[in-house]
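One structure below.
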Amino acid sequence: MGITVNGIDIDDALIEQELPHHQQAANPLKQSVHEVVLRTVLLQEVGRLGIEGSDDDARIEALLAREVRVPEADLAACETYYRNHPRQFTRGELVEARHILFQVTPSVPLELVRGTAEAILEAIKAEPARFGELAAQYSNCSSGAVGGSLGQLARGACVPEFDDVLFRLGAGELAGNLVETRFGLHILEVVRRIDGVVLPFDAVRSQIADYLGTAAWQRGVHQYLQILVGRARIEGITLEGSQSPLVQ
């Protein structure tokens with residue numbers, strides 16, 4: 001592929017070996033190339049510093065442990081995070097909800113589906129009592145047979161984009177706009193809420209410290225990679241940043 005790192009050619013075979021690990025990426029080939037280039041940069045730095053280890057992974061780990069130093073999360077940082085993210089530490093929170101799903105398929109233009117969904121949403125806003133009737137008539141979800149009812153849902157039970165809206169609505173509140181998910185377009189209403197209990201700080205302090213420490217470590221590695229990439233002579237590709245799964 002004509003890619004070199006500090007004058008050393010990147011073998012296409014290395015990229016082919018890396019490719020199976022990135023099949024879920026938006027662009028598997030591009031991600032694989034970036035991964036191999038970053039790994040090469042790290043191993044060249046390992047060699048320059050004379051770092052030893054049982055294999056390449058161990059040597060890279062030793063390099064990062066030596067070069068990336070981040071402070072531990074102190075009590076004040078943990079308390080601040082706890083105060084600012086109460087929902088993250090709430091347990092037992094439930095919502096009873098109902099929805100109408102308008103499934104998007106290749107055979108039906110998205111604009112047509114969206115137009116129908118928006119018209120039904122406006123009809124429900126005008127006459128809320130019709131929700132069940134319209135769910136039975138239009139929903140592409142089996143819940144339409146029971147008025148769109150999804151029963152009681154815990155946080156995290158649904159896909160993130162749905163969950164995010166679901167737990168921001170109050171009891172009896174209808175989402176003002178369509179909710180878009182990988183399944184299609186939804187009209188969503190929360191029927192009832194059961195408030196959870198926020199865990200005490202002492203019960204989650206170590207969890208918060210671990211999270212903040214990991215986040216700081218990832219930022220530190222990212223910055224270190226940026227320095228190495230900026231210092232390296234890389235030809236044949238332009239790296240769009242230096243974050244890599246191999247060091248996360």
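Take the sequence shown: its position 235, counted from the start at 1, is 235 in full-length UniProt numbering, and no numbers get skipped.
From the three backbone atoms N, C-alpha and C, an ideal C-beta is built for every residue, glycine too.
Nearest-angstrom Cα distance between residue i and residue j?
{"i": "L75", "j": "L38", "result": "35 Å"}
{"i": "L246", "j": "A65", "result": "Bear in mind that a pLDDT of 46 at L246, under 50, signals an unreliable position, so the number given afterwards is only what the model happens to contain. Taking the straight line from one Cα to the other gives about 14 Å."}
{"i": "A232", "j": "L110", "result": "46 Å"}
{"i": "G148", "j": "E96", "result": "11 Å"}
{"i": "S244", "j": "F131", "result": "At S244 the pLDDT is 47, less than 50, meaning the model places this residue with poor confidence; the figure from the coordinates comes in the next sentence. About 47 Å."}
{"i": "L166", "j": "E127", "result": "21 Å"}
{"i": "S242", "j": "N27", "result": "Confidence is the limiting factor: at S242 the pLDDT is only 46, short of 50, which leaves the residue's position unreliable, though a coordinate-based value still follows. Approximately 16 Å, taken between the alpha carbons."}
{"i": "Q17", "j": "T181", "result": "34 Å"}
{"i": "P200", "j": "L49", "result": "46 Å"}
{"i": "Q137", "j": "Q23", "result": "39 Å"}
{"i": "L239", "j": "Y224", "result": "15 Å"}
{"i": "L19", "j": "S32", "result": "5 Å"}
{"i": "K125", "j": "D12", "result": "58 Å"}
{"i": "A215", "j": "H85", "result": "15 Å"}
{"i": "A135", "j": "R59", "result": "59 Å"}
{"i": "R87", "j": "S54", "result": "44 Å"}
{"i": "D164", "j": "I194", "result": "16 Å"}
{"i": "T90", "j": "K30", "result": "40 Å"}
{"i": "G2", "j": "C158", "result": "45 Å"}
{"i": "R192", "j": "V36", "result": "51 Å"}
{"i": "R83", "j": "R168", "result": "18 Å"}
{"i": "N177", "j": "T105", "result": "21 Å"}
{"i": "V5", "j": "G47", "result": "14 Å"}
{"i": "residue 249", "j": "G7", "result": "There is simply no residue 249 to check, as the chain begins at 1 and stops at 248 in what is shown."}
{"i": "I10", "j": "G115", "result": "51 Å"}
{"i": "Q248", "j": "S139", "result": "Any reading at Q248 must be qualified, since the residue scores a pLDDT of 43, below 50, and its modelled position is unreliable; no value is offered."}
Since residue i is in the beta strand (DSSP E), which residue starts that stretch and which ends it?
{"i": "S149", "result": "149-154"}
Between which two residues does the alpha helix (DSSP H) containing residue i stretch?
{"i": "H99", "result": "Looking at the DSSP string, H99 is not in any alpha helix (DSSP H); the run it does join, the beta strand (DSSP E), is 94-103."}
{"i": "N84", "result": "75-84"}
{"i": "G132", "result": "131-138"}
{"i": "A119", "result": "110-126"}
{"i": "E161", "result": "160-166"}
Which one of the options has the shortest CA to CA distance from residue i?
{"i": "E79", "options": "G220, A203, V165", "result": "A203"}
{"i": "L63", "options": "I100, R205, L43", "result": "L43"}
{"i": "L14", "options": "A157, Q152, T40", "result": "T40"}
{"i": "S206", "options": "N6, E161, A73, R48", "result": "A73"}
{"i": "V70", "options": "C158, W217, L169, L178", "result": "W217"}
{"i": "D210", "options": "T4, Y81, D57", "result": "Y81"}
{"i": "V179", "options": "E118, V229, I60", "result": "E118"}
{"i": "E45", "options": "E235, I237, I227, G236", "result": "I227"}
{"i": "L212", "options": "V5, P160, A77", "result": "A77"}
{"i": "G92", "options": "P160, L174, A154", "result": "A154"}
On the premise that residue j lies in contact with residue i, defined as a C-beta separation below 8 Å, what is that separation, rounded to the nearest angstrom?
{"i": "V197", "j": "A171", "result": "That belief does not hold up - the Cβ atoms of V197 and A171 are roughly 18 Å apart, past 8 Å."}
{"i": "L121", "j": "I51", "result": "The pair is not a contact, with the Cβ atoms about 60 Å apart (cut-off 8 Å)."}
{"i": "S142", "j": "L150", "result": "Wrong, their Cβ atoms sit about 11 Å apart, outside the cutoff."}
{"i": "L101", "j": "G184", "result": "6 Å"}
{"i": "V68", "j": "G220", "result": "4 Å"}
{"i": "L112", "j": "Q152", "result": "L112 to Q152, Cβ: 33 Å. No contact."}
Which of helix, strand or coil does DSSP assign to residue i?
{"i": "V191", "result": "strand"}
{"i": "R233", "result": "coil"}
{"i": "D9", "result": "strand"}
{"i": "G184", "result": "strand"}
{"i": "V40", "result": "The identity of residue 40 in the sequence shown is Thr, whereas the question assumes Val. In this structure, T40 counts as helix in the three-state DSSP scheme."}
{"i": "T214", "result": "helix"}
{"i": "R69", "result": "coil"}
{"i": "T90", "result": "strand"}
{"i": "V198", "result": "strand"}
{"i": "L174", "result": "strand"}
{"i": "D56", "result": "helix"}
{"i": "I15", "result": "helix"}
For the ligand FMN, any of its heavy atoms closer than 7 Å to the Cβ of residue i?
{"i": "Q23", "result": "With respect to the ligand FMN, the structure shown offers nothing to examine, as it has no ligands at all."}
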